[in-house]
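Residue numbers (the numbering used here): 448 to 592. Some notes on the structure that comes next.
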Amino acid sequence: MTQINDNMTQINEYFNNFRGNELNDFSDKLLNNIIDILKSVLSPVQVDYSNVLLAEQIYGISIILFILSVLIILLLLAFMLNILILVYSAKLMNLFSNKYIRWYIAFNKKIIGIEICFLGGSILYFMYVLSYGIHFIATHPIIIN
């Protein structure tokens with residue numbers, strides 16, 4: 448076992464001599480800069496009201512965030528379905544003989560741009576609200592005395 452460890456350290460030394468440490472230094476500096484920026488954004492915030500009220504706020508926000516995440520999943524599914532209908536509309540028209548399905552495909556093909564813009568904008572807005580709520584929960588800890 449010690450022979451394997453010795454061989455691994457020799458291989459690592461040869462590799463480090465060949466590669467150098469500039470990439471490690473760059474990645475460490477980049478990671479430290481990102482962490483420094485995030486520390487100021489995610490630092491805990493002092494509140495002037497009771498912990499009970501803060502706990503109720505966090506509970507309400509967590510329920511809203513759950514509903515938003517389910518809504519985002521449903522909107523993403525509708526978005527992907529509309530894109531699939533747009534891409535494969537010619538094949539779908541030939542595949543179905545039901546006049547209502549053919550009418551839906553033709554109708555959807557006409558207004559697909561509006562639907563995609565609406566769904567894309569809604570998804571982005573809901574993801575912003577979701578990240579804002581998660582940021583509130585992360586920066587407002589409940590401190591027990």
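Heads up, the beta-carbon is just placed ideally off N, CA and C, and yes, glycines get one too. None of the values given here were measured: they were computed from a predicted structure.
- One alpha carbon belongs to Lys546, the other to Ile484, and they sit about 57 angstroms apart.
- When the five nearest sequence neighbours on each side are left out, the beta carbons in the same chain lying within less than 7 angstroms of the beta carbon of Phe583 are those of Ile508, in order along the chain.
- When the beta-carbon positions are compared, Phe573 and Ile519 come within less than 8 angstroms of each other.
- For Phe554, the closest C-alpha among the options Gly567, Leu539 and Leu524 is that of Leu539.
- In the displayed model, Ile530 falls within a helix according to three-state DSSP.
- Counting every other CB atom within 10 Å of its CB across the protein chains shown gives Ile552 a total of 16 or more, marking it as buried.
- Assigned with DSSP and collapsed to three states, Phe554 falls in helix.
- Asn498 sits exposed, since fewer than 16 C-beta atoms from the chains shown fall within 10 Å of its C-beta.
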